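Chains as they are written, first to last, in full-length UniProt numbering: chain A, 1 to 294; chain B, 1 to 564. Note sheet for the following structure.
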């Protein structure tokens, strides 16, 4: 499989960029220190207050000290805010996806292996989760949660709680197919426990479809996080996230185009890279799809 | 005086932006303006909110509002001049500003001759009395709270639908005379008489809550069509003439108002000025950074802007009943630490906000007296702050700051972050406590739920020190049930007595001097940290003439502009 993936140029490019973004997120404090900046310090002297607080100088105030310029209205270093923003954008998306996969497999396999009534019950729950409009409910949920809860963790949990329906449905479908296979039936006949069948016989068969689906979920969750932050219910100030930066940039797009471009471009690049990775995985793992022309 | 905060008003009330106020500059375009030859054309008004209600009983305006004042003439009205002259009231339906007697507890007005409703019926004193009475009806909520507080024996009046007997303390001995008997001396009565509740309402045409579908006009225009929150079209009222109204020029023949637009869209349309937008103005969309970046660069846009100041202060409010803010040293230390430059920038830069060290905004009419008891310089004095904190025995404390979860009223995350960063320099850790904007004043306005430190904003119902200081510092105005604005929960009998003494003054200049002195005195206690005062910058279309910010509200007055 790895050999197949290596030949897939889209996958390789996506993996490199995605890996780089994860690396940036992890090393954000180091990178900011390297630039000699942090993401909270205001630099009022770098702003033109009479003109609404746009950064003085061309290109959003790019200088030797501020590599990507400063934020309009506050003068905070944009480079530091962008790399710290990666922590939230990438971190929340990864954590939410992991949680969704966990919930999805648990519910999906239980429904698939359980009896008629358990299946019917759990399937309705899954239908319900699938039917819920994520953004709307997440906005209301996040608005009522007390302030002192750790925000990024909360974001990941809310996104996951509202978004595990897809993984559950796929897990259930795959489990229903797998349980009719001879080797699963054999294990059941030989008296293996429910838990053992799920773990030893079903889970390995789920890996490929779930991995592919999860890779697609990551960029989707990133969009949801950016959307929630854009709507003002994401992370709390002064913590930066790309969605929140895009939101505050909407009023500046003419006065300081770079301020819109940078978080927008980063978000776009990261999303694209994760989608490329997901597509590569799908081609490599799902033989039925390899024949389909792209 | 209890309820008003203009920002809220502009969101809830208003038919007209109720923003606007102090110093302003006239633009060059009205050099040769002649109100006698200005008539004609269709004016477009592009607004974000407003026109939610059109009933004069339900509007909460400053000086009668912008659009409402085209339909409703009141006993007095704002003087409609730029600068300081504009901070004074002027007679409208009445012949003068009113005659006080009994130590400013009784106010007598006489109506001028030749005034008619849009159907040609003459306006009588009884119509004005009826207009005020119906504003007490629970079916028509939304007006300013002063009437119930000031008029003698009216505290429990339920409006003419339930109690047709009316309010005994408003007397109409004949068709041309109306007398108000107040519970206490109120020298500011001529300012209150600019409110739309003082507009005449013919009892025979009153349909209760449905009246606002077509309110009967006494002003230069009447309603042709009205769809709440969306559109309003005004056409000329034939029974009004400049002969009986010197203050309104009423130049356009027709006025078309569209509401529900995005602020950025409005300003972009005004900049571009395509087609009918060349004849457009806005009364509630202050320019954004997009336009500010183009202003002051000598571009053509510089000639199409009004700059005014609505008397309003954004400040940090301490709850002095909560530790550690019960300790004056802590409040002083934070006053030294504040960085007003970053707050100004957070609000949109020096064009739309100015730093304030006084609670009263810098308008002479309010009694402004400069003081800076805890000098923080432009960007804060963290060293001094640390030293005072050490004296208080509280180095590196952690405090909570409450603020609104969006920036629509200028006390949201942007300003909160700036305050957080400034206090950090003094070793103070600020935990941010965002509260939903819709419930913010419910939480902060109830002493039981009020946080220790909260961002707040306060604006004047009219250009005078009273409505600015009384709700904030009068100890008898602490309302434990909710709707409290005395966030410091400060109650000093000496200050309360001084407030009563100033209220009895009928000479605005004498009152102003004492309001200013009172503000400077209270300022020493560091009950609040004043942050900024408001400045208003509005764009208008290419063909719009005689647009200037009036001194009362800081925005252009539609009753005076022309598009001919």
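We put the beta carbon where it would ideally sit given N, CA and C, even for glycine. Fair warning: this is a prediction, and the values are worked out from it, not measured in the lab.
- The beta carbon of residue 301/B is closer than 8 Å to those of 271, 291, 294, 295, 539 in its chain, skipping five residues each way along the sequence.
- For residue 181/B, the enclosing beta strand (DSSP E) has its first and last residue at 177 to 181.
- Shown here, residue 90/B sits in a strand according to DSSP, grouped into three states.
- Taking the beta carbon of residue 239/A as reference, no residue of chain B falls within 7 Å; the closest one sits roughly 10 Å away.
- For residue 564/B and residue 265/B, the gap between their C-alpha atoms comes out near 25 Å.
- Judged by DSSP secondary structure, residue 171/B falls within the beta strand (DSSP E) whose first and last residues are 170 to 174.
- Here the segment 327 to 346 of chain B makes contact with the segment 35 to 45 of chain A; the two share three or more CB pairs at distances below 8 Å.
- Closer than 8 Å at the C-beta level to chain B, one finds these residues of the segment 38 to 50 of chain A: 40, 41, 42, 44, 47, 48, 49, 50.
- Out of 94/B, 530/B, 307/B, 141/B, the CA that lies nearest to the CA of residue 550/B is found in 307/B.
- Among the CB atoms of chain B, none fall inside 8 Å of the CB of residue 86/A.
- Between the C-alpha atoms of residue 283/B and residue 276/A there is a straight-line separation of about 50 Å.
- For residue 534/B, the uninterrupted beta strand (DSSP E) segment begins and ends at 528 to 534.
- For residue 458/B, the enclosing beta strand (DSSP E) starts and ends at 453 to 459.
- Under the criterion of beta carbons closer than 8 Å, residue 152/A and residue 235/A qualify as touching, at roughly 6 Å.
- Within its own chain, the residues whose Cβ lies closer than 7 Å to the Cβ of residue 219/A, once the five positions on either side in sequence are excluded, are 271, 274, 275, listed in chain order.
- Taking all protein chains in view, the Cβ of residue 186/A is surrounded by fewer than 16 other Cβ atoms within 10 Å, so the residue is classified as exposed.
- Secondary structure of residue 516/B (DSSP, three-state): helix.
- Beta-bridge analysis with DSSP links residue 110/B to 177/B.
- Below the 7 Å Cβ cutoff, chain A contributes 143 as neighbours of residue 436/B, in chain order.
- The C-beta of residue 406/B comes closer than 8 Å to at least one C-beta of chain A.
- Closest option to residue 156/B, judged by alpha-carbon separation, among 144/B, 175/B, 136/B: 136/B.
- Cα atoms of residue 66/A and residue 20/A: separation of roughly 21 Å, rounded to the nearest angstrom.
- Interface flag for residue 54/A against chain B is set, since a Cβ pair is found closer than 8 Å.
- Between residue 445/B and residue 473/B the beta-carbon gap is near 15 Å, outside 8 Å, which marks them as no contact.
- Taking 4 residues as the minimum length, the alpha helix (DSSP H) runs contained wholly in the segment 425 to 497 of chain B are 440 to 444, 465 to 473, in order along the chain.
- Counting only Cβ-Cβ distances below 7 Å, residue 255/A has contacts in chain B at 289, 290, 293, in chain order.
- Every unbroken stretch of the alpha helix (DSSP H) spanning 4 or more residues and falling wholly within the segment 160 to 227 of chain A is given here in chain order: 165 to 178, 182 to 189.
- With respect to chain B, the C-beta atom of residue 72/A has a partner C-beta closer than 8 Å.
- Distance from the CA atom of residue 22/A to the CA atom of residue 97/A, rounded to whole angstroms, is 15 Å.
- Cβ-Cβ separation between residue 59/A and residue 258/A: approximately 6 Å, consistent with a contact (criterion under 8 Å).
- At least one CB of chain A lies nearer than 8 Å to the CB of residue 420/B.
- Taking 8 Å as the CB threshold, residue 149/A stays off the interface with chain B.
- By the 16-neighbour rule on beta-carbons within 10 angstroms, residue 130/A is exposed.
- DSSP places residue 545/B within a strand segment (E or B) once states are collapsed to three.
- Taken in chain order, the whole beta strand (DSSP E) runs of length 3 or more contained in the segment 33 to 59 of chain B are 42 to 46.
- In the displayed model, residue 301/B falls within a helix according to three-state DSSP.
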